[in-house]
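A quick write-up on the structure given underneath.
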Amino acid sequence: MMNLRQIDHQTKMASSSLTTLVMKEDGGYGNWADLPSELTSSVLSRLNTVDILENAQKVCTSWRRLCKDPALWRKIDMRNFVVLLKIDIMNREVMCRNAVDRSLGGLLEIDIWNFGTDKLLNYIADRSSNLRILRLAMCDESVTDDGFTKALVKLPLLEELEVSYSELSAESLRVVGHSCPNLTTLKLNQRLELEHWFVNDRDALAIALTMPRLRHLQLVGNKLSNAGLTAILHLCPDLVHLDLRCCYNVQLFGDLETRCLERIKVLRRPYDSTHDFPYFIDFGSSSEDD
Numbered sequence: 001m002m003n004l005r006q007i008d009h010q011t012k013m014a015s016s017s018l019t020t021l022v023m024k025e026d027g028g029y030g031n032w033a034d035l036p037s038e039l040t041s042s043v044l045s046r047l048n049t050v051d052i053l054e055n056a057q058k059v060c061t062s063w064r065r066l067c068k069d070p071a072l073w074r075k076i077d078m079r080n081f082v083v084l085l086k087i088d089i090m091n092r093e094v095m096c097r098n099a100v101d102r103s104l105g106g107l108l109e110i111d112i113w114n115f116g117t118d119k120l121l122n123y124i125a126d127r128s129s130n131l132r133i134l135r136l137a138m139c140d141e142s143v144t145d146d147g148f149t150k151a152l153v154k155l156p157l158l159e160e161l162e163v164s165y166s167e168l169s170a171e172s173l174r175v176v177g178h179s180c181p182n183l184t185t186l187k188l189n190q191r192l193e194l195e196h197w198f199v200n201d202r203d204a205l206a207i208a209l210t211m212p213r214l215r216h217l218q219l220v221g222n223k224l225s226n227a228g229l230t231a232i233l234h235l236c237p238d239l240v241h242l243d244l245r246c247c248y249n250v251q252l253f254g255d256l257e258t259r260c261l262e263r264i265k266v267l268r269r270p271y272d273s274t275h276d277f278p279y280f281i282d283f284g285s286s287s288e289d290d
């Protein structure tokens, strides 16, 4: 996942492309609106959700028509694009609902940062039963356990779930595990807190007991101990990618380390660098990486 600076750059590049003239074969220039519909659709597929809704569909009538094609809305990306940050939260939700509606039930992947709510999650779930990938970040003040679980039970085909810097109970994780039997990737990342040093294996046990098909597991900042990790290794036999960065209650040495090295193809240890982690690491902070 890109950090905020990369997303900012991508957004500026995409926005500027909408006003660029197209070079013709004779060396002259035409307008984007004159492109064949197949080429226009190809251009639109490379833009992010915000740019399509805020810019592309306003170029001309033909572009507006193409922007309603359900095939364009199989993936919705509403992370912290610079344009999105300038839009108030209520209008972000309206924009997201609009994008979901345009998918006509064909939505497969969605990313939401900073503005997810219980109502929005259930709106998405009610209209996207084929969803395969759901990523939520920094929605802890507006997404509750009850709202989250009510939405997830409607997504039985989900294969990848990320919940970063958004608090969920172990019971919610159990509901996810029972409701989403195809889940192979889970990213459950937490902010570091002053009480981080207290051991809490509830998340780890919920994962171990209900998500046996996991192959990729990211638990940055989790409070699990060696006991919780052992349970995961024992009950998730397909696990090949494990990220334990900032899991400072895990003492990775001896037999446990040997078992991880034998089983796990990609292992990130508790004290490994977080330079490629997309969120800011700090005690109690919720800011994104610059």
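Under the numbering used here, the residues of the sequence shown are numbered 1 to 290, in order.
Cβ atoms here follow ideal geometry from the backbone N, Cα and C, with glycine treated the same way.
Just so you know, these numbers come straight off a predicted model, no measurement behind them.
Within the same chain, show all residues whose beta-carbon is closer than 7 Å to that of W63, passing over the 5 residues directly before and after it, in chain order. A33, T40, A56, Q57
Collapsed DSSP secondary structure at M78 in the structure displayed: strand
So I264 and L235 are supposed to be a Cβ contact under 8 Å. How far apart are they, rounded? No, I264 and L235 are not in contact; Cβ-Cβ is about 15 Å, not under 8 Å.
Alpha carbon of Y271 to alpha carbon of N91, nearest angstrom: 40 Å
Where does I110 sit, in a helix, a strand or coil, going by DSSP? strand
Through-space distance from C247 to A231, alpha-carbon basis: 15 Å
Pairs of beta-carbons, one from the segment 196-207 and one from the segment 161-177, closer than 8 Å: are there three or more? yes
Between the beta-carbon of C180 and the beta-carbon of L217, is there less than 8 Å? no
Straight-line Cα distance separating R245 from Y279: 13 Å
Alpha carbon to alpha carbon, what distance is there between E193 and N249? 13 Å
Please report how far the alpha carbon of V94 lies from the alpha carbon of T49, in whole angstroms. 13 Å
Assuming contact is defined by CB atoms lying nearer than 8 Å, are E160 and L136 in contact in what I supplied? no
State the Cα-Cα distance for the pair Y165 and Q251, rounded to the nearest angstrom. 24 Å
Mind reading off the beta-carbon distance from L120 to W73? Whole number of angstroms is fine, and I expect it under 8 Å. With 8 Å as the limit, L120 and W73 do not qualify as a contact, their Cβ atoms being about 16 Å apart.
Own chain residues within Cβ distance below 7 Å of R259, not counting five before or after: L233
Considering only residues of the same chain and omitting the five flanking positions on each side of D118, which have a CB-CB separation below 8 Å? S142, V143, T144, D146, G147, F148, K150, A151
What would DSSP say about L131, mapped onto helix, strand or coil? coil
Grouping DSSP H, G and I as helix and E and B as strand, with all else coil, what is D51? helix
Quick one: measure Cβ to Cβ for I76 and V100, integer angstroms, because I've assumed they're closer than 8 Å. 7 Å
Where the alpha helix (DSSP H) through S164 begins and ends: S164 -> not in any alpha helix (DSSP H); beta strand (DSSP E) instead, spanning 160-164.
Nearest-angstrom Cα distance between I112 and C139? 9 Å
Is V266 closer than 8 Å to V240 when the C-beta atoms are compared? yes
Checking 8 Å against the spacing of the C-beta atoms, do L158 and N182 come in under that value? yes
Where W197 and L168 are concerned, what is the direct C-alpha to C-alpha distance, given to the nearest angstrom? 18 Å
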